[in-house]
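A.B. asks: Can you read through this structure? Questions will come right after.
There are 2 protein chains.
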Amino acid sequence: MIDTRPYRIAPGKRVELCDFATREDGGLSKKTGKEMVHELTKRLAALQELLYAQRSQGLLVVFQAMDAGGKDSTIRRVFRLLDPSSMRVKSFKQPSQREQLHDFLWRIHQHAPRRGYISIFNRSHYEDVVAVRVRERQPQEVWQKRFEHINAFERLLSTEGTLILKFFLHISKDYQKERLQRRLDRPDKVWKFDPGDINDRKYWDEYMHAYSEAIESCSTDNAPFYVVPAERRWYRDLIVLQTVVDALDSLQMTYPEPKFDPGDIELI
Amino acid sequence: MIDTRPYRIAPGKRVELCDFATREDGGLSKKTGKEMVHELTKRLAALQELLYAQRSQGLLVVFQAMDAGGKDSTIRRVFRLLDPSSMRVKSFKQPSQREQLHDFLWRIHQHAPRRGYISIFNRSHYEDVVAVRVRERQPQEVWQKRFEHINAFERLLSTEGTLILKFFLHISKDYQKERLQRRLDRPDKVWKFDPGDINDRKYWDEYMHAYSEAIESCSTDNAPFYVVPAERRWYRDLIVLQTVVDALDSLQMTYPEPKFDPGDIELI
């Protein structure tokens, strides 16, 4: 079992992402780490069934990262043993014309998990205080208010029964280059490459600054942010898994008692 | 590789479900069968990536069965290696008040897969010509028209780029009893048991009759029904997997060529 608290951002703590490691192993060998990951995926599947059986809480897991930061592969690997019936992965892309006519949380709210379900966000409303901020250069008062809106929104979800965990998968600019180059070099991966993404690399520092402020402003007790060193994929998976499993464990769920006596039921 | 054609209902063929086997092994040992299942799940994951990369077609897989027929476990096992990001499992329960104010295909249409995605239906519009027919005892003209509506709807989806495969997981009344009893006996399964489900057992023959007619009326070239002997779970999985893999293979998909020359891209 690994202690994930060092990766959790305490509310109010100053965040400068350049001070955070992008590559760690927690003193574990890859072999041990992968075994731990395997055990935790099984444990998570068991906890999902309990969550579904109870239908009293939902779980929302948010992933943010720079391009090639590993959001897709984390989602595929961490949740791979879950029952797809009570889990939803929602990837937020550019908002549609209709979505743009609403406030920025309108389209997000629709994908909040119902009780018993797990919603996984691949990108999220944090794009609206990071990418939008960097690209559209809106004035401080716009995104400052948005931080408050986000905190109020997440407080609503949390109070009404949603467990929220947010992960920033942290990589370096050099590592991103390596990963993008790999996409370009592989005929079966090059379809994932969008030449427009290169532009964002020019604004790397602005992105890190915007992310630092968003994480610092919106890591709360009921919706904490974790900054995960993401360049070793097994270690990244391990931290995410342990965090999700610990959070579900803390609910101390049990299978609901039937409202009837099973011994009384006679099957005709 | 297994030949799934014997399980496919040819358009216009008379169907009497009582003549169909509920338990088969195709002459395979369980060990061999499970190895084949494992290989096919991997193959399916590779085909899903191609489907997503191409974004030219969607895949809709429909599961119908009596209670305890294995819809949930088939979905969990057959699709377990898929990327959850481009797959959706939709379980259709009793329609909501709002849904009841619409035609019976309104809520179904909303969950049709977009291009590149896989939608899996746990129950579907076939409830409206089976369970509804048995329970509400509506006149023949109602469900007869519904068969036509369903065929027109599925033709629309198919023509516009959706591959459709429909599976009836076939079990016997005795096997259902065994499975339901197992739920009652296990403290970690009893929450799945709904005492109301027992009622349906009284109407077993009516259900089989309604299913027979629905399958016979709605198995078409562009949306075929497969009647799968479902009491041996590994064999059931094998038939479903082989059918899905064959259908995707027939699309002869390749990774899309990039619209740019990867060699021209220089990462700054």
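Going line by line, the protein sequences match chains A and B.
Going by full-length UniProt numbering, the first sequence opens with residue 1, and the numbers climb by one from there.
Going by full-length UniProt numbering, the second sequence opens with residue 1, and the numbers climb by one from there.
We put the beta carbon where it would ideally sit given N, CA and C, even for glycine.
Since the structure is predicted, the reported quantities are computational estimates derived from the model, not experimental observations.
For residue 329 of chain B and B/L169, I'd like the C-alpha separation in whole angstroms.
C.D. replies: Lying outside 1 to 268, the shown extent of chain B, residue 329 of chain B is not represented and no answer is given.
A.B. asks: Going by C-alpha to C-alpha distance, which of A/P113, A/T4 and A/E49 sits closest to residue 269 of chain A?
C.D. replies: Lying before the first or after the last residue shown, residue 269 of chain A is absent from chain A, which here runs from 1 to 268.
A.B. asks: Hey, does B/Q138 have any beta-carbon neighbour from chain A nearer than 9 Å?
C.D. replies: Not one chain A Cβ lies under 9 Å of B/Q138.
A.B. asks: Roughly how many whole angstroms lie between the Cα atoms of A/Q94 and B/A214?
C.D. replies: Cα to Cα, A/Q94 sits roughly 42 Å from B/A214.
A.B. asks: Which bits of chain A does B/I198 rub up against, with CB to CB less than 9 Å?
C.D. replies: Under the 9 Å cutoff, chain A gives I265, E266, L267 and I268.
A.B. asks: Could you check where the alpha helix (DSSP H) with B/I118 kicks off and where it finishes?
C.D. replies: Segment I118 to N122 is the beta strand (DSSP E) holding B/I118; no alpha helix (DSSP H) there.
A.B. asks: Report the option in A/D205, A/T32 and A/K90 whose CA atom is closest to the CA atom of residue 341 of chain A.
C.D. replies: Nothing about residue 341 of chain A can be read from this structure; chain A reaches only from 1 to 268.
A.B. asks: On the DSSP bridge assignment, give the partners of B/F225 in chain order.
C.D. replies: DSSP, once it has assigned bridges, lists B/K166 as partnering B/F225.
A.B. asks: Is the Cβ of B/P258 closer than 9 Å to any Cβ of chain A?
C.D. replies: Yes, its Cβ sits closer than 9 Å to a Cβ of chain A.
A.B. asks: Expressed to the nearest angstrom, what Euclidean distance is found between the alpha-carbon atoms of A/V78 and B/V190?
C.D. replies: One C-alpha to the other measures close to 28 Å.
A.B. asks: For the pair the stretch 25–43 of chain B and the stretch 170–180 of chain B, tell me if three or more CB-CB distances fall below 8 Å.
C.D. replies: Contact fails: fewer than three Cβ-Cβ distances are below 8 Å.
A.B. asks: With a floor of 4 residues, list each alpha helix (DSSP H) that falls wholly inside the stretch 142–208 of chain B, ordered by position along the chain.
C.D. replies: For the stretch 142–208 of chain B, whole alpha helix (DSSP H) runs of length 4 or above, ordered along the chain, are 173–185 and 197–202.
A.B. asks: At a Cβ threshold of 9 Å, is A/D72 touching chain B?
C.D. replies: By this cut-off, A/D72 is an interface position.
A.B. asks: Using C-beta distances below 6 Å, list every residue in its chain close to B/D197, excluding the 5 sequence neighbours before and after it, in chain order.
C.D. replies: The answer, listed in chain order, is D67.
A.B. asks: Write down every uninterrupted run of the alpha helix (DSSP H) in the stretch 5–79 of chain B whose length is 4 residues or greater and which is fully enclosed by it, in chain order.
C.D. replies: Listed in chain order, the complete alpha helix (DSSP H) runs (minimum 4 residues) inside the stretch 5–79 of chain B are 30–54 and 71–78.
A.B. asks: Which residues in chain A have a C-beta closer than 8 Å to the C-beta of B/L180? List them in chain order.
C.D. replies: Per Cβ cutoff of 8 Å: L267.
A.B. asks: For the alpha helix (DSSP H) containing A/R115, name the first residue and the last one.
C.D. replies: Segment: none, A/R115 is in no alpha helix (DSSP H) and carries neither H nor E.
A.B. asks: Which whole-angstrom value describes the C-beta separation of A/F167 and A/V62, a residue pair presumed to lie in contact below a C-beta threshold of 8 Å?
C.D. replies: A/F167 to A/V62, Cβ: 7 Å. Contact.
A.B. asks: Against chain A, does B/I120 count as a neighbour if the rule is that its beta carbon must be under 9 Å from one of theirs?
C.D. replies: Yes - at least one Cβ of chain A is within 9 Å of the one on B/I120.
A.B. asks: Do A/S172 and A/T22 have their C-beta atoms closer together than 9 Å?
C.D. replies: A contact, by the Cβ cut-off of 9 Å.
A.B. asks: Could you say which of A/S86, A/D128 and A/L101 lies nearest to A/R114 if we only look at CA atoms?
C.D. replies: For the residues A/S86, A/D128 and A/L101, the minimum Cα distance to A/R114 belongs to A/S86.
A.B. asks: Would you please verify whether the beta carbon of B/L82 is less than 9 Å from any beta carbon of chain A?
C.D. replies: It does; some Cβ of chain A falls within 9 Å.
A.B. asks: For residue 280 of chain A, decide whether its Cβ has a neighbour in chain B, counting only Cβ atoms nearer than 9 Å.
C.D. replies: This structure cannot speak to residue 280 of chain A, because chain A is shown only from 1 to 268.
A.B. asks: Taking its Cβ as the centre, do 16 or more other Cβ atoms sit within 10 Å of A/P224, making it buried, or is it exposed?
C.D. replies: So A/P224 ends up on the buried side.
A.B. asks: Output, in sequence order along the chain, the residues in the stretch 48–63 of chain A whose CB is closer than 7 Å to any CB in chain B.
C.D. replies: The residues in question are A53.
A.B. asks: Between B/G26 and B/L248, what straight-line distance do the alpha-carbon atoms span, to the nearest angstrom?
C.D. replies: Distance between the alpha carbons of B/G26 and B/L248: 23 Å.
A.B. asks: Taking Cβ positions, are A/L238 and A/L59 nearer each other than 9 Å?
C.D. replies: Against a cut-off of 9 Å, the Cβ pair of A/L59 and A/L238 comes out as no contact.
A.B. asks: Rounded to whole angstroms, what's the CA-CA distance from A/Q54 to B/Y211? Just pull it up for me.
C.D. replies: Taking the straight line from one Cα to the other gives about 33 Å.
A.B. asks: So, for B/H149: in the same chain, excluding its five sequence neighbours on each side, which residues have a beta-carbon less than 7 Å away from its beta-carbon?
C.D. replies: Within the same chain, B/H149 has close Cβ partners L105.
A.B. asks: Could you name the residues of chain A that B/R201 contacts, counting a contact when the two beta carbons are closer than 8 Å?
C.D. replies: Within 8 Å Cβ-Cβ: L267 and I268.
A.B. asks: Reducing DSSP to helix, strand and coil, say where A/V89 ends up.
C.D. replies: The answer is strand: DSSP assigns A/V89 an E or B state.
A.B. asks: Hey, how far is the Cα of A/Y203 from the Cα of A/R107?
C.D. replies: One C-alpha to the other measures close to 27 Å.
A.B. asks: Go through its chain and collect everything with a Cβ distance to B/T162's Cβ below 8 Å, but skip five positions before and after it.
C.D. replies: Within the same chain, B/T162 has close Cβ partners Q57, G58, L59, L60, A112 and P113.
A.B. asks: Given a cut-off of 9 Å on the beta-carbon distance, is the pair A/E154 and A/T220 in contact?
C.D. replies: Contact flag set, yes.
A.B. asks: Step through the CB atoms of chain B and report whether any lies within less than 9 Å of the CB of A/Y255.
C.D. replies: Chain B contact via Cβ: present.
A.B. asks: Taking CB distances under 9 Å as the criterion, tell me whether B/P229 reaches chain A.
C.D. replies: Not closer than 9 Å to any Cβ of chain A, the Cβ of B/P229 fails to qualify, so no.
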